Amino acid sequence: MAQLRLVSLAFFVAVLISGAHSTTFNFKNNCPDPVWPASLANSDKGALSQTGFQLDSGASFSLDAPPAWGGRLWARQRCSTDSSGRFSCLSGDCGTGQVACNGAGGAPPTTLVEFTLQGDGGKDFYDVSCVDGFNVPVSVVPSGGSNCDSTSCRTNINARCPAELQMVAPDGSVVGEQKAYNTLAV
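With mature numbering (1 follows the signal peptide of the UniProt record, and there is no 0) applied, the sequence shown covers -22 to -1, 1 to 164.
As C-alpha cells, this is what we get:
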C-alpha cells in the first residue's frame, strides 16, 4: 500500500496508508482562518469516526479510515453557530445544523478529495475534483508505496473567479467559485 499525503496551499490534508488494513487521514490547516473538514462515505462504505470537525489555523488532526473505505473529503469555511445553536458554513455546508455532517454531503462550491481505498486489484485511487465548484486549493501527495503520483488543484481559483461564478460572503469576500453549468444560462 502506498502512503498518501494531501497538501494544500491553504488547507493541508495528509493521508497515510500503512499496510493493507489501515489508513490514516492527517489534516493540517495552513489557512489563516479555521476550516471545518468534513467527510462523506460512499453509500456502500462505513462512515469515518468523525464526519466533521473544526481545525484552527496551523492545527493538525488525524482520523483513521476503515479498510477499503471510499468517499470524499472537503473543507468548509466561514462556519459559525447562531443564537439557537444551529451550525452552518458559508462554503461546503452539509445542512445538518451540527459540526458533524452525519451522512450529508457538502453544498457547492467545494473542492473535493475523493478516495477509493483497496479498490480494483487492491489499489488505492484518489483525485482532487472541482466538479462541485471550488473553495480551497488542495493536493494529494503520496508518501511511500510505488508509482503513486501527486494530484492537486493548487491555484486559488477564488482570486481569479469571474464575477458571475463567485460565491460572495456578506463581507464581500469571495468564498468559492460555483460550477458554470449551475450558474450560467446556456
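Virtual Cβ for every residue (Gly too), placed ideally from N, Cα, C. Model, not experiment: these values are computed from the prediction.
Three Cβ pairs or more, each shorter than 8 Å: is that satisfied between the stretch 68 to 88 and the stretch 141 to 157? For the pair of segments examined, the stretch 68 to 88 was found to touch the stretch 141 to 157: the number of CB pairs separated by less than 8 Å reaches three.
As a quick exercise: from Y104, G99, G83, pick the residue whose alpha carbon is nearest that of F93. Within the sequence shown, the letter at position 115 stands for residue 93. Looking at the Cα atoms, Y104 is the closest of the given residues.
Problem - Candidates Q28, D98, A53, T129, of which the one nearest D71 by Cα - result: The sequence position of residue 71 within the sequence shown is 93, counting from 1. Of the candidates Q28, D98, A53, T129, the one whose C-alpha sits nearest the C-alpha of D71 is A53.
* **Minimum C-alpha distance to N8 - residue among A37, L18, D60, A43** => Within the sequence shown, residue 8 is the residue found at index 30, counting from 1. Answer by Cα proximity: A37.
### Task
Could you check what DSSP says for L95 in three-state terms: helix, strand or coil?
As a working mapping, residue 95 is identified with position 117 in the sequence shown. Coil, per DSSP.
If you run the structure through DSSP and keep just helix, strand and coil, what is A158? As a working mapping, residue 158 is identified with position 180 in the sequence shown. Looking at A158 - three-state DSSP - the assignment turns out to be helix.
Exercise for the section: Give the secondary structure of L143 by DSSP, where H, G and I count as helix, E and B as strand, and everything else as coil. Expected result: For the purposes of this step, residue 143 is identified with residue 165 of the sequence shown, where counting begins at 1. Note: L143 maps to helix in three-state DSSP.
| query | Thinking C-beta only, is L51 closer than 7 Å to S17? | reply | In the sequence shown, counting from the first residue as 1, residue 17 sits at position 39. In the sequence shown, counting from the first residue as 1, residue 51 sits at position 73. Yes, the Cβ-Cβ distance between S17 and L51 is below 7 Å.
Review point. Below 7 Å between beta carbons: does that hold for R64 and G75?
Key: Stepping through the sequence shown from its first residue, residue 64 is reached at position 86. Stepping through the sequence shown from its first residue, residue 75 is reached at position 97. Yes.
Beta carbon of W14 nearer than 7 Å to that of Q28:
As a working mapping, residue 14 is identified with position 36 in the sequence shown. As a working mapping, residue 28 is identified with position 50 in the sequence shown. Result no, Cβ atoms of W14 and Q28 do not sit closer than 7 Å.
message: Here's the rule: buried if 16 or more other CB atoms are within 10 angstroms of the residue's CB, otherwise exposed. What is R56?
response: Against the sequence shown, residue 56 aligns to sequence position 78. R56 should be labelled buried.
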